[in-house]
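Each residue of the sequence shown is one higher than the last, beginning at 0 in numbering that gives the first Met the number 0. Using N, Cα and C, we set each Cβ at its ideal position, and we do this for glycine too. In this text, all values refer to a predicted model and were calculated from it rather than measured experimentally.
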Amino acid sequence: MEVKFYESDDLLGLEKKVNDAIKNAKSHEVNNIVFSYHQPTETANELYIVMIVFEC
Numbered sequence: 000m001e002v003k004f005y006e007s008d009d010l011l012g013l014e015k016k017v018n019d020a021i022k023n024a025k026s027h028e029v030n031n032i033v034f035s036y037h038q039p040t041e042t043a044n045e046l047y048i049v050m051i052v053f054e055c
């Protein structure tokens, strides 16, 4: 099992990263995808995080 994290404050940019990761996963099957959104605060921008679990 392999776990990879991708994060961005740009949702479209994150979508491209995730799609590329899934396309380029050589002989790996995607087992699980977890999406998380963190709202902006006074000191931080919004943040999107995706965790992909690949089954080797």
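Following the continuous beta strand (DSSP E) through N44, name the residue where it begins and the one where it ends.
For the purposes of this step, residue 44 is taken as the residue at position 45 of the sequence shown. That residue, N44, is in no beta strand (DSSP E); it is neither H nor E in DSSP.
Note down the Cα distance separating A56 from T42, rounded to an integer number of angstroms.
No information on residue 56 is available, as it lies outside the stretch 0 to 55 that the chain covers here.
If you draw a straight line from the alpha carbon of D9 to that of I51, how long is it in whole angstroms?
On the sequence shown, position 10 is the one that residue 9 refers to. On the sequence shown, position 52 is the one that residue 51 refers to. So the alpha carbons of these two residues sit roughly 18 Å apart.
Going along the chain, which residues of its own chain have a beta-carbon closer than 6 Å to the beta-carbon of P39, five neighbours each way excluded?
Counting from one through the sequence shown, the residue named residue 39 turns up at place 40. Excluding residues within five positions, the ones whose Cβ falls inside 6 Å are E45.
Which of the three DSSP states is assigned to K15 in this structure?
For the purposes of this step, residue 15 is taken as residue 16 along the sequence shown, with counting starting at 1. Three-state result, K15: helix.
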